[in-house]
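In the working numbering, the protein residues as written are 6 to 105.
Since the structure comes first, as structure tokens, the remarks are kept for the end.
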């Protein structure tokens with residue numbers, strides 16, 4: 006019951022945020038994006054790593070977690086493939102760890 010209540014509450018919040026938030030700061034894709042997971046987060050986190058600028062990491066598998074504050078939710082997690090979405094959301098000088 007608690008999980009159902011939480012799910013319904015969160016589902017009710019998203020339309021409110023979309024309506025009230027400025028369109029240029031809260032794109033629809035922020036809430037409906039699904040990470041392209043290529044390996045388990047644990048495997049990516051403990052793998053051999055290489056540090057690259059985000060612009061050179063397109064198509065590679067992340068071994069780190071990057072969050073933007075606010076709101077503090079992850080933008081990139083270990084095991085996720087770096088996509089064009091990440092290139093748009095993260096600053097071009099952002100360095101990330103990728104699996105080798």
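A virtual CB, placed ideally from N, CA and C, is assigned to each residue, including glycine.
Helix, strand or coil at residue i [DSSP, three-state]
i	result
residue 82	coil
residue 65	coil
residue 96	coil
residue 22	helix
residue 44	coil
residue 14	helix
Test: residue i CB closer than 8 Å to a CB of chain B
i	result
residue 44	Absent here is chain B; the protein component of the structure consists of one chain.
Whole-number beta carbon distance between residue j and residue i, since they are thought to touch under 8 Å
i	j	result
residue 64	residue 87	7 Å
residue 81	residue 101	7 Å
residue 105	residue 55	5 Å
residue 21	residue 44	36 Å between Cβ atoms; not a contact.
residue 90	residue 39	So it is not a contact: roughly 10 Å between Cβ atoms.
Own chain residues within Cβ distance below 7 Å of residue i, not counting five before or after
i	result
residue 42	84, 85
residue 50	68, 83
Same chain, Cβ closer than 8 Å to residue i, five either side skipped, listed in chain order
i	result
residue 96	59
Cβ neighbours of residue i in the same chain (closer than 6 Å, five flanking residues each side left out)
i	result
residue 53	105
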